[in-house]
Amino acid sequence: MVTYLEAELAPVKNTGQIRLYGEEGFEGMRKACRVTAMALDELVGMVRPGVTTNEIDKFVFEFGMDHGAIPATLNYRGYTHSCCTSINHVVCHGIPNDKPLREGEIVNIDVTYVLDGWHGDSSRMYPVGEIKRAAERLLEVTHECLMLGIAAVKPGARMGAIGEAIQKHAEAERCSVVRDFCGHGVGQLFHDAPNVLHYGRADEGIEMRKGMIFTIEPMINLGRPHVKVLSDGWTAVTRDRSLSAQYEHTIGVTDDGCEIFTLSPKGLDRPGLPD
Ligand code: MF3
Ligand code: CO
Ligand code: CO
Numbered sequence: 047m048v049t050y051l052e053a054e055l056a057p058v059k060n061t062g063q064i065r066l067y068g069e070e071g072f073e074g075m076r077k078a079c080r081v082t083a084m085a086l087d088e089l090v091g092m093v094r095p096g097v098t099t100n101e102i103d104k105f106v107f108e109f110g111m112d113h114g115a116i117p118a119t120l121n122y123r124g125y126t127h128s129c130c131t132s133i134n135h136v137v138c139h140g141i142p143n144d145k146p147l148r149e150g151e152i153v154n155i156d157v158t159y160v161l162d163g164w165h166g167d168s169s170r171m172y173p174v175g176e177i178k179r180a181a182e183r184l185l186e187v188t189h190e191c192l193m194l195g196i197a198a199v200k201p202g203a204r205m206g207a208i209g210e211a212i213q214k215h216a217e218a219e220r221c222s223v224v225r226d227f228c229g230h231g232v233g234q235l236f237h238d239a240p241n242v243l244h245y246g247r248a249d250e251g252i253e254m255r256k257g258m259i260f261t262i263e264p265m266i267n268l269g270r271p272h273v274k275v276l277s278d279g280w281t282a283v284t285r286d287r288s289l290s291a292q293y294e295h296t297i298g299v300t301d302d303g304c305e306i307f308t309l310s311p312k313g314l315d316r317p318g319l320p321d
């Protein structure tokens, strides 16, 4: 049996219960998520051939410092960077390094800042220079999947409605949904209940309630859905080495739908794609 509890009255640890946040929580999340979205906006001008992912990581750290925010990934379960940078067939959790980005690559940059105890978690895909049509199509489909999942959020609907919307679209476009990673409750904790699956059926999962805050972050592959984690313990790649893409928003459930906390202030939610 799943239980829901008022976040203000609950201990700040993952008890498996679903925390329901009030206006104070929503306001905290708006602020944290705005810093995250602003950093992702700045990166649009920075991602180009020759730039290293370590340079991107350094920017993410310093941008956070300048805005009173700390990267949540720093020292998280032994992770030592300020963001994840996942290139081409890397599905997620790519570790920044000193290799320059190359023309034609696609890179996901995933940033989570903690501001006043609130976690803003979001990622976008960035084309490096000109990319192939197949890669561009994958980015379009993946962003559409995210927004279709978000459109399924409203009180009374089940979490499975999110997964169904995403899976239907991805598979209609002859892409596949990664099963090994999911979205998550977020707020005063980085990774909280519930898990948010990006596949499934609308009649499955717990009921959404006003005040829930979670991420939706579908990983969509051009080839098969299967992944493996490299020996560094983090980097997840497609087994068939097909291209993979991901976009992530943090959202809060409202009376009649949801509020997207991590929307780009500059309208750059899908860098490099036509409007
Ligand atoms: N930001 C990722 C997410 O969307 C989590 C990264 S954890 C790390 O949940 F340790 F790999 F950075
Ligand atoms: Co997340
Ligand atoms: Co993230």
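Okay, so the sequence shown: first residue is 47 according to the numbering used here, each after it adds one. Glycine residues also receive a C-beta, built at the ideal position from the N, C-alpha and C atoms. The structure presented is a predicted model; accordingly, all values stated were derived computationally and were not measured.
Using DSSP with H/G/I as helix, E/B as strand and the rest coil, what is residue i?
i: residue 47; result: coil
i: residue 232; result: coil
i: residue 43; result: Because the chain is modelled from 47 through 321, residue 43 falls outside the range shown and cannot be assessed.
i: residue 208; result: helix
i: residue 78; result: helix
i: residue 248; result: coil
i: residue 191; result: helix
i: residue 90; result: helix
i: residue 99; result: helix
i: residue 219; result: coil
i: residue 151; result: coil
i: residue 196; result: helix
i: residue 104; result: helix
i: residue 285; result: coil
i: residue 65; result: strand
i: residue 239; result: strand
i: residue 59; result: coil
i: residue 305; result: strand
i: residue 182; result: helix
i: residue 253; result: strand
i: residue 176; result: coil
Of the residues the options, which one's Cα is nearest the Cα of residue i?
i: residue 138; options: 156, 64, 122 and 60; result: 156
i: residue 199; options: 251, 269 and 88; result: 251
i: residue 130; options: 116, 151 and 103; result: 103
i: residue 286; options: 55, 212, 268 and 106; result: 268
i: residue 167; options: 113, 174, 79 and 193; result: 79
i: residue 245; options: 186, 158 and 224; result: 224
i: residue 133; options: 192, 154, 297 and 121; result: 154
i: residue 236; options: 221, 282, 163 and 77; result: 163
i: residue 48; options: 64, 58 and 54; result: 64
i: residue 271; options: 114, 262 and 136; result: 136
i: residue 169; options: 159, 220 and 178; result: 159
i: residue 126; options: 113, 115 and 140; result: 140
i: residue 218; options: 266, 171, 299 and 176; result: 266
i: residue 281; options: 184, 248, 226 and 108; result: 226
i: residue 101; options: 150, 54, 119 and 145; result: 145
Is the CB-CB distance between residue i and residue j below 7 Å?
i: residue 99; j: residue 142; result: yes
i: residue 97; j: residue 314; result: no
i: residue 259; j: residue 233; result: yes
i: residue 277; j: residue 284; result: no
i: residue 181; j: residue 152; result: yes
i: residue 242; j: residue 229; result: yes
i: residue 95; j: residue 175; result: yes
i: residue 263; j: residue 294; result: yes
i: residue 190; j: residue 165; result: no
i: residue 300; j: residue 307; result: no
In the DSSP assignment, what residue or residues form a beta bridge with residue i?
i: residue 259; result: 298
i: residue 168; result: 157
i: residue 265; result: 292
i: residue 312; result: DSSP, once it has assigned bridges, lists no residue as partnering residue 312.
i: residue 214; result: Looking at the DSSP assignment, residue 214 forms no beta bridge with any residue, so it has no partner.
i: residue 277; result: Per DSSP, none; premise fails for residue 277.
Would you please verify whether the beta carbon of residue i is less than 7 Å from any beta carbon of chain B?
i: residue 215; result: As a matter of chain content, chain B is missing from the structure shown, which is built from one protein chain.
What I want to know is whether the C-beta of residue i ends up closer than 6 Å to one or more non-hydrogen atoms of ligand 5.
i: residue 308; result: Ligand 5 is absent from the structure shown, which contains only ligand 1, ligand 2 and ligand 3.
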